[in-house]
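Under our numbering, the first residue of the sequence shown carries the number -13, and numbering increases by one thereafter. Glycine included, each C-beta is placed from N, C-alpha and C at the ideal position. First up is the structure itself, then whatever we jot down about it.
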Amino acid sequence: MTDTDAAGPETNGAGAPEPGIRILAQFIRDLSFENPRAPETLRAQNAVQPQIEMGVEMNARGREDGLFEVDLKLSARAEREDGPVFHVELLYGGVFQIAGVSQEDLEPVLLVECPRFMFPFARQIIASVTSDGGFPPFMLDPIDFAGVYAARKAQALGGETIGNA
């Protein structure tokens, strides 16, 4: 028998816990699907592919219990020349436990890595709801969350520079 804590975090030999992400919960916070012109938009002769406008947002916040909530907001608006086809918006949430991550690395973990874990589930929800709306399942292409994060950081830094000039 040993006196070690089997439930404690693993260490990297230096006494610091190994970096790790645990997903404790995932859930739909808000879901909206609009099919404003049904059943006309569902007819087979409407073979013209709609134009799709996509939106992606990620947000995170710490909780009093030391865990983190991450929100992934995905939206898709499909339109043809004759008007809207459908609009779907999903706010998908997760609760995460983050260990062994430095303070300066925490934001990218929360806004890049956590959404990567959540994306396949959110993608399936959107595919299911569009299918239930009478359309072929709308399968979102994979998202480069690191690229979205970098672009938002650059935009925020650019906005601060302009605001301080």
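Quick check on the DSSP output: the beta strand (DSSP E) that includes residue i runs from which residue to which?
i     : result
Tyr82 : Looking at the sequence itself, residue 82 is Phe, so the reference to Tyr does not match. Looking at the DSSP string, the run of the beta strand (DSSP E) that includes Phe82 is 69 to 85.
Ile9  : 6 to 20
Gly41 : 37 to 48
Val56 : 54 to 66
Would you tell me roughly how many angstroms separate the C-alpha atoms of residue i and residue j, rounded to the nearest one?
i       : j      : result
Val134  : Ala24  : 33 Å
Glu(-4) : Glu93  : Residue confidence is low: Glu(-4) scores 48 on pLDDT, short of 50, so the model does not pin down where it sits. Its coordinate-derived value is still stated next. In a straight line, the C-alpha of Glu(-4) is about 22 Å away from that of Glu93.
Ala151  : Ser88  : Residue placement at Ala151 is poorly supported in this model, since its pLDDT is 38, which falls under 50; the coordinates are not used for a value here.
Gln141  : Glu39  : 20 Å
Gly48   : Asn21  : 36 Å
Ala46   : Lys59  : 11 Å
Asp91   : Pro106 : 24 Å
Glu50   : Arg138 : 27 Å
Using only CA atoms, which one of the options lies nearest to residue i?
i      : options                        : result
Ala11  : Pro128, Gly120, Pro101, Ala136 : Pro101
Leu97  : Gly52, Ser114, Ile129, Glu26   : Ile129
Gly80  : Ala108, Phe19, Gly86, Gly69    : Ala108
Leu126 : Ser114, Ala137, Gly119, Ala136 : Ser114
Ala136 : Gly120, Met44, Gly119          : Met44
Gly69  : Leu58, Glu50, Asp91, Glu26     : Glu26
Phe19  : His73, Met104, Arg138          : His73
By Cβ distance below 6 Å, which residues in the same chain neighbour residue i in space, the five residues on each side in sequence not counted?
i      : result
Ser117 : Pro123
Ser61  : Gly41, Glu75
Only counting the same chain, and skipping five residues up and downstream in sequence, which positions put a Cβ closer than 7 Å to that of residue i?
i     : result
Pro36 : Ala64, Glu65, Arg66, Val71
Phe82 : Ile7, Arg8, Ile9, Leu10, Leu53, Phe54, Val56, Cys100
Residues in the same chain with beta-carbon distance under 8 Å from residue i, minus the five sequence neighbours each way, listed in chain order, please.
i      : result
Ile111 : Ile14, Leu17, Leu76, Tyr78
Val34  : Arg66, Glu67
Check whether chain D comes within 8 Å of residue i, counting only Cβ atoms and requiring the distance to be less than that.
i     : result
Leu53 : Protein chains in the displayed structure number just one, and chain D is not present.
Return the first residue and the last residue of the alpha helix (DSSP H) that residue i is part of.
i      : result
Val115 : 100 to 118
Asp91  : 89 to 94
Is the beta carbon of residue j closer than 8 Å to that of residue i?
i     : j      : result
Pro5  : Ala132 : no
Leu28 : Gly120 : yes
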